[in-house]
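Read in order, the letters of the sequence shown correspond to residues 29 to 193 in this note's numbering.
Ideal placement from N, C-alpha and C gives every residue a C-beta, glycine not left out.
A short worksheet on the structure shown next.
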Amino acid sequence: MHDHHTPGDEASQVISSARAAEHAIQQLCRTTLTRPSMTPAEVDIVLGHLADAAAALPQAARQLGDILKQAKDDYVLEMDSLTKTQDPDHAVETARIHLDALHEPALDLLHQLEAARLETAHISTSATPRDAKRERPSTTPSVRRPEDRRPRAAGGGGTGPGVPR
């Protein structure tokens, strides 16, 4: 079996990978919206995955810039009427400049995630969550409710407290 992919297959795989990354981040945002209970160690794991993703962004941006440059040689490029830029070569070069500019902010993001990880990696937790240590309030009221104090009317058919059987 050979591992030969057509350019269309490879382009579809790149697009699918970018879509999967987008969906993964959106899912992470949705699942953390409710602020689920997590230990610092679990948060550290999440930060590690995010840091790994951030570390790969400069490479992906650089490679996409190279792909745009190659597209100038492989395809006849034309601009649509929805932009002021009329020269596709200029648009490609401008896009590449923006992609190159992602390097520093992506590294800053990586450094911030790693700094957060450095802190969370040194936080330990007890085996029992703080809420479980507190005495849970009783669900039975301390004062009898009025319906528990008064006898029920005869013929009610109930079997609750104070109702003779």
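Per DSSP, the unbroken alpha helix (DSSP H) holding Asp117 starts and ends at 116-129. In terms of Cα proximity to Gln98, the closest of Thr113, Ser154, Arg124, Ala144 is Arg124.
The DSSP-derived three-state label of Pro68 is helix. DSSP, reduced to helix, strand and coil, places His150 outside both helices and strands of the structure shown, so it counts as coil. Under the three-state reduction of DSSP output, Leu92 falls in the helix class. Val120 and His77 have their C-alpha atoms roughly 31 Å apart. The C-beta of Gly36 has fewer than 16 other C-beta atoms within 10 Å across all chains shown, which makes the residue exposed. Between Leu141 and Leu75 the beta-carbon gap is near 5 Å, inside 8 Å, which marks them as a contact. Taken through DSSP and simplified to helix, strand or coil, Glu106 comes out as coil. It is roughly 17 Å from the alpha-carbon of Ala129 to the alpha-carbon of His139.
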